[in-house]
Amino acid sequence: MNAILGRYVNHDTFIHRMDPRNKFFCLIALMVAVFISYPTYEMTFIVGGAVATLIIALLLIAKVRILDVFKSLRVLWFFILLLMIINVFAPPTNAINIAFTIGKVNVYWEAIFQSLKIILRLVLMIMLTTLLTATTKPLDLTYALEWYMAPLKVIRFPVHEVAMTISIALRFIPTLLDETDRIMKAQSSRGVDFKHGKISSRLKAIVSLIIPLFISSFQRSEELADSMEARGYDPKAKRTRYRVLKFSLADLIGFILCSGVMAATIVISSFKWTYTTPHFVPWWILSLILVFLYMLLTALITAVVRRHRK
Amino acid sequence: MKLIEVNNLTFSYDKKVNVIDGVSFCVESGKYISIIGHNGSGKSTFAKLLIGLLEAKEGTIKAFGLDMNPQNVHEIRRKIGIVFQNPDNQFVGATVRDDIAFGLENRCVPHEKMDQIINEFSCKVHMEEFLDKEPENLSGGQKQRVAIAGILALSPDVVIFDEATSMLDPRGKREVRECIEEMRKENPNLSILSITHDLEEAFASDEIIVLQEGKVIAHDKPENLLEKPDIFEETGLDLPFKNKLIKELKAQGIEVKNSDSIEGIVEQLCR
Amino acid sequence: MPIRFNDVFYTYQANSPFKSEALKGVSLDIKDGSFTCIVGHTGSGKSTLVQQLNGLLIPTSGSVEVNNFTVQKKHKSLKHLHSLRKEVGIVFQFARYQLFEETIEQDVAFGPMNFGAKKEEALEIAHECLKTVGIDESLFKRSPFEVSGGQRRRVAIAGILGLKPKILVLDEPTAGLDPKGAAEILKLFKELNDKGTTIILVTHDINIVYEYANDVIVMNEGKVELHCSPEELFKEDVEKYSLETPLIQQTVKMCLEKGLNISPAKIRNVHDLAVEIARVKK
């Protein structure tokens, strides 16, 4: 999980300080913006590019290491490759412009474009989720989830218990990892080989790890439950809360921005706009200029926000 | 004043062997009582019975004027705190702060008062610098101190320590023992029940109850119990060093009187 | 052949920002057949040190020579280390967590089977080892989860004894045990040591050092602070190594200061002390 979604990194940025509930909403809003389809290529390029600019700027503001995001993409390279192959060899039916030919197969521009579009969306989606997980503590995410699930209380869904279970599970992840390490060492000392050997002995190796882990986890749960009960825990009874989530100005700004972007992209997608090239400026020069402008914009936004923070 | 009265308490896990067999005693306000016995003598089961995590087969427990039963157990638990053996398996919160807050949340302490209480009690156990640390970055002794803070924050009348130091290294043991001493100084009316097999700890208390196979075979002040060293032999416990020395010397035909310190004994030998 | 540490360094998570140096240049020899205690505060590197002995951890630099094996970075292939794990048996602190088989005898047989023993042979070895640790025959076919914590600990020890290691390493074997249980287990190790097994015991309990060890290694912040015999150790002020002075040593010192001419070399425990005092007073 750590490979794909960034772990929480503690910085004090605008986005870190936003309320987790709002961040969830903004994530969804921006996801919608990313996945909107536009009728023409030009629109996809320009509007999609603007959204991408915004997302990259947000990542920079949150001090997320972009390199780490690309590292996590490594995990998906196979999937991306497969996607490209499928799209190139099974092109959309309205494909007419041939880019080049490999042997007897025609590779269409439309197909290439389609693949790029999908890959770009994937990248942006990963960037957005990384943005969320890198700037929000897992526990805060749990609180946000609890708040969103609150309406389910009407149908007697155990919202509080689920949230408590998740937060305890999170707290014990490092403990369980330590325990796994210890058991592995103990079994390795008995001649168990976790890495080499035939399937049957490796299966046995895993069993020798899982059973003790399970047993100790059961014992742990019992002891924890005893301790919680002794401290007066009753999920059904009324309790007060120590950690209270509060909205702030940062949240208002974020909310307006993200819902604005979502609304804008939805509205724009209902129009159709084509760029008619002036003959003396080929499309690809224009594209490069646009890309350059976007990068400038990204840097500008980032710099302004960071300066304002200080 | 008698806070807890236990009368003829009997309990068994499998309906065959009584793990606790006809135990009777009482806990008075301000007393520090140790319950000792070898592993398997029923000590931890006893702790769970006192806090109502287990239901007795026979006999009664009366605490703070209430009979221990499913209706009263919540009220009784408000006044008894218990620190268990495993430092990890009682640490619920994501950080020290959250763990102390857990107890406060359960008792419906108003949100506004929580920070002040957390600060106050973390200072009492000298963990105020660690308030935002996560349990994986704390030692066993530190985690136990957090547990103690969490319990003291609820102002109990009785605190039970169920082998709270047996999983700790010497430093952790010392930290917890010092905590208990300070607790007693600050609150002389607090009663402490310490379940242990560490005799050095037990001999620091006011009264010692010796359990063997679920029965109380002795209940007396430490000094008095030392007059009957055979009790410790039977239960497989070790006498404190000083008393062991006296016993061994006696076996060699040298009589020495008990003294406050080892030095006192050595001086007797040199005369 | 003695166990030899050659300038061993060990760093946890060497490639990450969380790295921590646990061993900083350890060089020492442990003789065959010794009863060595390794002491030191938590975090001094004791556990890291012993885990180099069977290759659970490989030195970041430097090497460890154990019998005919060399544990060092170049030779990381597991086949090489597999046989080493038969020679050096390590029993960890909460070893009772390593039990997982359906019956106690099967669990103890697990170890020998991993090193090529056939099932019947392994079970025979298991029975022998279980008897050695004091587990009654009636429990052999029970599930390991039905017996007490103390008994599980013994089963875990039996599981390692089944490998017939020449060197037995124990990490805090008496932690959490009552005094009687602790004494029984230590007696077992003494017996094994008398029969020729090298015992390496990591502990916080200075009294164990006083009573059982003939060799002591004091670790501090990843380095070997002191490596000597217990007699030499107790001549010093051990408090400066963050160790507690055993009461028995304090008493011996007091006796000598006040003119009782007892000889410390003959004293390992309270009983010995009383005998010595009696001898001197006659």
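Chains as they are written, first to last, in the numbering used here: chain A, 128 to 437; chain B, 1265 to 1535; chain C, 12 to 293.
We put the CB at the ideal spot given by N, CA and C, even for glycine.
Computed from a prediction, not measured in an experiment: that's the story for all the values here.
Asked: Any contact between the stretch 234-243 of chain C and the stretch 200-212 of chain C? By contact I mean 3 or more CB pairs, one from each, below 8 Å.; Found: no
Asked: At a cut-off of 7 Å, would you count residue 196(A) as near the ligand GTP, judging by its Cβ distance to the nearest heavy atom?; Found: This structure lacks the ligand GTP; in fact it carries no ligand of any kind.
Asked: Is the Cβ of residue 1369(B) closer than 8 Å to any Cβ of chain A?; Found: yes
Asked: Can you list, in chain order, the residues of its chain with a C-beta nearer than 6 Å to that of residue 16(C)? Leave out the 5 residues immediately preceding and following it.; Found: 37, 38, 39, 75
Asked: Please list, in chain order, the chain A residues whose beta carbon lies closer than 7 Å to that of residue 1373(B).; Found: 367
Asked: Taking the alpha-carbon positions, what's the residue 131(A) to residue 1466(B) distance?; Found: Per-residue confidence for residue 131(A) stands at a pLDDT of 43, beneath the threshold of 50, marking its modelled position as unreliable; no derived number is given.
Asked: Compute the Euclidean distance between the alpha carbons of residue 1352(B) and residue 306(A), then round it to the nearest angstrom.; Found: 12 Å
Asked: Do you know offhand how far residue 196(C)'s Cα is from residue 185(C)'s?; Found: 8 Å
Asked: Which residues of chain A have a Cβ atom closer than 8 Å to the Cβ of residue 1428(B), listed in chain order?; Found: Those do not exist, as residue 1428(B) stays about 12 Å from chain A at its closest Cβ, beyond 8 Å.
Asked: Can you check the stretch 13-46 of chain C for any beta strand (DSSP E) of at least 3 residues that lies completely inside it and give the ranges in chain order?; Found: 14-23, 31-41
Asked: Mark residue 316(A) as exposed unless 16 or more other C-beta atoms lie within 10 angstroms of its C-beta, in which case mark it buried.; Found: buried
Asked: Please say whether residue 119(C) and residue 137(C) have beta carbons closer to each other than 8 Å?; Found: yes
Asked: In terms of alpha-carbon separation, which member of 1341(B), 1449(B), 1426(B), 1480(B) lies closest to residue 187(C)?; Found: 1426(B)
Asked: Have a look at the DSSP bridge pairing and note the partners of residue 230(C).; Found: 235(C)
Asked: Flag residue 258(C) as yes if its beta-carbon sits less than 8 Å from any beta-carbon of chain B, otherwise no.; Found: yes
Asked: Around the Cβ of residue 167(C), are there at least 16 other Cβ atoms within 10 angstroms (buried) or fewer (exposed)?; Found: buried
Asked: Out of 158(C), 156(C), 162(C), which has the shortest C-alpha to C-alpha gap to residue 145(C)?; Found: 162(C)
Asked: Going by DSSP, what residues sit across from residue 1325(B) in a beta bridge?; Found: 1270(B)
Asked: Just to confirm, is the Cβ distance from residue 226(C) to residue 45(C) under 8 Å?; Found: yes
Asked: Between residue 1397(B) and chain C, is there a C-beta pair that is closer than 8 Å?; Found: no
Asked: Quick check on residue 1356(B): does DSSP put it in helix, strand or coil?; Found: coil
Asked: DSSP has residue 164(A) in a bridge; who is on the other side?; Found: According to DSSP, which records beta bridges pairwise, residue 164(A) is partnered with nothing at all.
Asked: Looking at the strands, I want to know which residues DSSP matches up with residue 1483(B).; Found: 1473(B)
Asked: Taking the alpha carbon of residue 178(A) as the point to measure from, which residue in 386(A), 413(A), 409(A) has its own alpha carbon closest?; Found: 386(A)
Asked: Tell whether a beta-carbon distance below 8 Å holds between residue 69(C) and residue 57(C).; Found: no
Asked: Rounded to whole angstroms, what's the CA-CA distance from residue 261(A) to residue 156(A)? Just pull it up for me.; Found: 18 Å
Asked: Check distances from the C-beta atoms of the stretch 331-356 of chain A to those of chain B and list, in chain order, the residues that come in under 7 Å.; Found: 347, 350, 351, 353, 354, 355, 356
Asked: Assuming residue 213(C) and residue 61(C) make a contact with CB atoms under 8 Å, what is their CB distance in whole Å?; Found: 6 Å
Asked: Give the secondary structure of residue 129(A) by DSSP, where H, G and I count as helix, E and B as strand, and everything else as coil.; Found: Here the model assigns residue 129(A) a pLDDT of 45, short of 50, so the residue's position is not dependable, and the following value carries that caveat. Reduced to three states, the DSSP call for residue 129(A) is coil.
Asked: Is residue 1335(B) buried or exposed, if buried means 16 or more other CB atoms sit within 10 Å of its CB?; Found: exposed
Asked: Would you kindly report the start and end of the unbroken beta strand (DSSP E) that includes residue 1460(B)?; Found: 1455-1460
Asked: For residue 200(C), which residues of its own chain have a beta-carbon under 6 Å away from its beta-carbon, when the five flanking residues on both sides are left out?; Found: 210
Asked: Please classify residue 270(C) as buried or exposed, where buried requires at least 16 neighbouring CB atoms within 10 angstroms.; Found: exposed
Asked: Within the 8 Å Cβ cut-off, does residue 1348(B) reach chain A?; Found: yes
Asked: Within the chosen definition, does the stretch 1475-1484 of chain B reach the stretch 1302-1309 of chain B through at least 3 CB pairs nearer than 8 Å?; Found: yes
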